[in-house]
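Residue numbers (full-length UniProt numbering): 1 to 829. In this text, a Cβ means the ideal position worked out from N, Cα and C, and glycines have one as well. Working notes, structure below.
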């Protein structure tokens with residue numbers, strides 16, 4: 001039956017649609033920028049116009065990278081137009097700026113050139129009735145039915161085809177129904193958005209995990225999901241503003257992150273294969289790098305081979321797991337670890353086998369693993385023992401105290417000792433491997449308990465004796481002060497010149513000392529990055545309750561460094577004293593310490609010879625100031641690579657004055673019953689006899705110069721041709737007339753050979769055995785900055801070698817020195 005009312009309604013709808021279409025087409029013909037976020041059928045967005053998301057966060061338009069004339073359709077941040085996060089036609093650019101983005105009535109997005117030739121099109125396969133193209137506030141360009149408001153019922157979306165950037169809400173994984181993969185692929189270069197050689201993708205073999213690959217080769221493994229984070233990226237955890245999610249169900253497997261704030265954050269895979277997390281800073285109006293994968297040597301996939309682990313704080317960094325030995329001892333000795341390790345004792349393949357617990361571990365490659373979500377850890381152990389091929393087990397999910405079961409079969413690959421956020425791994429070994437350090441008999445357990453109790457009582461008694469002694473000393477000092485024998489009133493007055501920060505300020509600045517803000521940890525305690533309310537970045541060194549250093553070192557550093565002003569000394573901004581808390585607040589050094597560059601195979605390439613020369617000359621000038629030009633004549637006593645911090649211009653700044661000593665103007669040397677410093681940097685007369693002077697620091701400086709030139713540590717240095725340490729190796733090359741063999745290969749091409757040889761010469765003069773033969777720092781600075789002839793060096797102090805039979809013990813020592821922990825030795829006199 002004819003219905004006039006219905007016909008009038010339909011006519012009004014058609015008229016409204018026609019008006020919108022005409023209005024949209026009219027807008028598309030105008031030059032300038034769109035102020036809308038939607039395209040309608042028949043509409044064309046010309047080059048020079050853009051779509052802007054409703055919240056004003058993202059823009060979609062045509063761009064040309066660098067000086068290229070090629071045009072690409074891309075997505076960028078309104079606040080940062082140079083930051084391209086998605087490209088439609090990345091492999092087929094338009095030839096000029098006469099192209100356009102067309103939207104058809106079938107729901108297809110087309111990029112056409114000036115002859116209407118199609119450069120790129122969306123692969124919308126579902127039939128569309130009245131489609132619209134819409135740029136969401138998330139940055140996702142979608143095509144949907146105009147009358148369909150379902151949140152995810154899209155005909156097509158750009159988030160299904162990521163480029164090099166992960167935005168909030170974008171997935172990395174696989175649709176198990178369609179077989180479609182969501183993955184990142186780097187640009188070819190910073191000027192070419194074409195598909196590069198690096199990928200970030202999920203591998204669903206075994207328990208799913210995330211890889212970075214160079215073509216088919218894995219270069220970094222972010223690891224599997226442990227319920228809180230990916231095991232290979234411990235800092236990647238959900239916070240109040242940042243949520244990371246792993247979803248595994250029958251239809252899809254993916255990782256993604258979401259933001260619960262108005263901040264801008266992204267992950268970008270750069271053309272060099274580094275995946276970096278960026279955060280937008282409103283203060284600087286620029287991006288700040290929050291985290292980077294492949295941050296150190298241990299992040300290289302499979303560096304240590306099978307059945308071994310990597311520990312960046314040890315030297316060498318690789319070691320076999322307990323119960324395993326190197327498959328190729330000769331290669332292992334020359335720090336070629338790719339052959340990995342094999343079992344020392346074969347498994348019995350029954351319940352007599354046991355498990356060694358490895359704590360704080362990045363779990364191995366899970367490509368050949370199996371998992372069960374429903375059983376606990378004890379059942380997991382039993383399940384592993386029933387299968388002779390099972391080599392290890394762990395909890396699948398640690399978010400609720402540990403549940404589920406993850407089993408490995410065959411070799412264990414790509415383990416590392418995590419700085420933070422590691423997990424327990426139980427590695428299967430023969431029963432005989434457990435007897436050495438894991439006694440099970442009641443008698444041995446009783447012996448251990450008795451020994452522990454006895455040790456505790458001994459420590460208690462010693463503690464009481466020390467307390468009484470220190471109290472007695474304190475009384476005598478106070479008595480002297482009252483009698484005027486030790487008038488330090490002027491010093492106490494000067495000490496108060498240092499600004500005092502309150503605890504609330506420091507707590508707020510460091511986000512309550514959050515693990516994400518932790519920069520590292522030394523002998524004094526942990527160090528945190530913070531940002532004061534006015535925007536200044538700081539480094540907060542917090543005295544640990546378990547630290548070997550204490551109040552004396554804290555006061556020493558406050559008193560000394562607060563009076564020092566030099567461009568090559570770290571600046572102390574203030575301190576914080578609250579109840580038992582003791583903290584030092586420094587200027588923040590964005591490039592951290594020198595050792596993180598020169599001893600790292602990846603980051604060392606960032607230091608060419610010019611930068612290294614600048615760094616060692618800066619250290620020399622800083623030492624000269626301490627020894628000669630400062631208000632106080634200061635001996636540092638712990639000069640080493642980890643105590644040299646680098647600012648954003650790579651200028652060196654000497655830090656950590658907790659162990660420093662002041663000298664009188666006419667004093668040349670002193671002795672101590674308490675030797676402090678780091679093995680490998682201490683001068684012979686100081687380490688053996690407790691005698692120290694400015695020449696002790698000169699020796700440490702010489703060691704440091706050889707390490708900067710060679711890229712190798714003095715302590716733990718290993719050479720396949722001899723057993724000399726780095727000083728001995730340099731001395732041997734000098735006498736053979738081949739000092740250039742000492743150079744770190746990564747800067748040979750940029751080196752000024754005459755300057756390098758002169759630096760090696762100066763370093764050898766600094767590390768001579770006798771203090772009186774060594775130059776002082778004023779002479780060192782003069783020698784480095786001139787071309788005058790230099791005296792011939794004499795044999796270095798600690799010119800040492802190791803017997804092959806001592807290799808096991810030396811390796812143990814090396815692991816201690818690689819941490820560069822400050823050592824304290826009491827020497828009776």
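Chain C beta carbons: is any one of them nearer than 8 Å to that of residue 174? This model lacks chain C altogether; it includes just one protein chain.
Note down, in chain order, each residue of its chain lying with its Cβ closer than 8 Å to the Cβ of residue 492, except the 5 sequence neighbours on either side. Here residue 492 corresponds to residue number 492 of the chain shown, with the count starting at 1. Reliability of the predicted coordinates at residue 492 is poor, the pLDDT of 40 falling under 50, and no value is obtained from them.
Looking at the unbroken alpha helix (DSSP H) that takes in residue 615, where does it start and where does it end? Residue numbering aside, residue 615 sits at position 615 when the chain shown is read from its first letter. Start and end: 609-624.
Report yes if the CB atom of residue 141 is closer than 8 Å to the CB atom of residue 158, and no otherwise. The residue you call residue 141 lines up with position 141 of the chain shown. The residue you call residue 158 lines up with position 158 of the chain shown. Yes. Within cutoff.
Just reading off the alpha helix (DSSP H) that residue 703 is part of, what are its end residues? Indexing the chain shown from 1 puts residue 703 at position 703. Residues 694-710.
In the stretch 293-345, which residue ranges form an unbroken alpha helix (DSSP H) of at least 4 residues, counting only runs that do not cross its ends? 329-333
Assuming residue 730 and residue 764 form a contact by the criterion Cβ under 8 Å, report the distance between their Cβ atoms to the nearest whole angstrom. The residue you call residue 730 lines up with position 730 of the chain shown. The residue you call residue 764 lines up with position 764 of the chain shown. With 8 Å as the limit, residue 730 and residue 764 qualify as a contact, their Cβ atoms being about 7 Å apart.
Length-filtered (3 minimum) beta strand (DSSP E) runs lying within the stretch 170-214: 172-175, 184-189, 192-203 and 209-214
Go ahead and label residue 454 buried or exposed: buried means 16 or more other beta carbons lie within 10 angstroms of its beta carbon, across all protein chains shown. Counting from 1 along the chain shown, the entry for residue 454 is found at position 454. Answer is exposed; the Cβ neighbour count stays below 16.
Relative to the alpha-carbon of residue 393, which residue among 252, 370 and 59 has its alpha-carbon at the smallest distance? By 1-based counting over the chain shown, the position of residue 393 is 393. It is 370 whose Cα lies nearest to the Cα of residue 393.
Any 3 or more C-beta pairs closer than 8 Å across the stretch 697-712 and the stretch 596-612: yes
What is the DSSP secondary structure of residue 256, reduced to helix, strand or coil? Reading the chain shown from its first residue, position 256 is the one you call residue 256. Strand, per DSSP.
Start and end of the alpha helix (DSSP H) containing residue 689? Start at 1 with the first residue of the chain shown, and residue 689 comes out as number 689. Its alpha helix (DSSP H) spans residues 684-689.
Helix, strand or coil: how does DSSP classify residue 432 here? What you label residue 432 is simply residue 432 of the chain shown in a count that begins at 1. It is helical.
Using 8 Å as the cut-off, can you tell me whether the stretch 393-413 makes contact with the stretch 283-290, which would need three or more C-beta pairs spanning the two stretches below that distance? no
Go through the stretch 502-573 residue by residue and report every complete run of the beta strand (DSSP E) that reaches 3 residues or more, in order. 518-521, 526-531 and 537-542
From 105, 266 and 216, pick the residue whose C-alpha is nearest to that of residue 128; which is it? Position 128 of the chain shown holds residue 128. Taking only the C-alpha atoms, the option nearest residue 128 is 105.
Put residue 717 into one of helix, strand or coil per three-state DSSP. On the chain shown, residue 717 is found 717 positions in, with the first residue counted as 1. In the structure shown, residue 717 sits in coil (DSSP, three-state: anything other than H, G, I, E or B).
My output table needs one value for residue 733: the three-state DSSP class, helix, strand or coil. The sequence position of residue 733 within the chain shown is 733, counting from 1. Helix.
Pick from 332, 381, 325 and 335 that is closest to residue 352, judged by C-alpha positions: In the chain shown, residue 352 corresponds to position 352, counting from 1. When only C-alpha atoms are compared, the closest one is 381.
C-alpha distance - residue 751 paired with residue 757, whole-angstrom precision: For the purposes of this step, residue 751 is identified with residue 751 of the chain shown, where counting begins at 1. For the purposes of this step, residue 757 is identified with residue 757 of the chain shown, where counting begins at 1. Approximately 10 Å between the Cα atoms of the pair.
The alpha helix (DSSP H) enclosing residue 383, as first and last residue numbers: Within the chain shown, residue 383 is the residue found at index 383, counting from 1. 377-385 is the span of the alpha helix (DSSP H), which, as asked, contains residue 383.
With a cut-off of 8 Å, do at least 3 Cβ pairs link the stretch 243-263 to the stretch 326-333? no
Just to confirm, are residue 204 and residue 213 a CB contact at a threshold of 8 Å? Stepping through the chain shown from its first residue, residue 204 is reached at position 204. Stepping through the chain shown from its first residue, residue 213 is reached at position 213. Cβ distance not < 8 Å, so residue 204 and residue 213 don't count as in contact.
Comparing alpha-carbon positions, which option in 143, 163, 215 and 682 lies nearest residue 154? Along the chain shown, read from residue 1 onward, the residue named residue 154 stands at position 154. The residue with the shortest Cα to Cα distance from residue 154 is 143.
Provide the residue span of the beta strand (DSSP E) that contains residue 837, from first to last. There is simply no residue 837 to check, as the chain begins at 1 and stops at 829 in what is shown.
DSSP beta-bridge partners of residue 576: In the chain shown, residue 576 corresponds to position 576, counting from 1. Residue 576 pairs with 583.
Consult DSSP for residue 36 and reduce its assignment to one of helix, strand or coil. On the chain shown, residue 36 is found 36 positions in, with the first residue counted as 1. Coil.
Spatially closest choice to residue 533 from 508, 100 and 524, by CA coordinates: Within the chain shown, the letter at position 533 stands for residue 533. It is 508 whose Cα lies nearest to the Cα of residue 533.
Within 10 angstroms of the Cβ of residue 282, are there 16 or more other Cβ atoms? Answer buried if so, exposed if not. Sequence index remark: in the chain shown, residue 282 carries index 282 (1-based). Residue 282 is exposed by the Cβ-count criterion.
Near residue 618, which residues of its chain fall below 7 Å by C-beta distance, leaving aside the five closest residues on each side in sequence? As a first step, residue 618 is located in the chain shown; it is residue number 618 there, counting from the start. Same-chain partners within the cutoff: 568, 651 and 652.
Let me know the alpha helix (DSSP H) ranges lying completely inside the stretch 750-789, each 4 residues or longer, listed in chain order. 753-766 and 777-784
8 Å Cβ cutoff met for residue 133 and residue 111: The sequence position of residue 133 within the chain shown is 133, counting from 1. The sequence position of residue 111 within the chain shown is 111, counting from 1. Cβ atoms of residue 133 and residue 111: not closer than 8 Å.
Ranges of the alpha helix (DSSP H) found wholly within the stretch 111-169, counting only runs of at least 4: none
Comparing C-alpha positions only, which one of 426, 359, 374 and 409 sits nearest to residue 417? On the chain shown, residue 417 is found 417 positions in, with the first residue counted as 1. Closest by alpha carbon: 359.
How long is the line joining the alpha carbons of residue 119 and residue 97, rounded to whole angstroms? Position 119 of the chain shown holds residue 119. Position 97 of the chain shown holds residue 97. Distance between the alpha carbons of residue 119 and residue 97 is about 13 Å.
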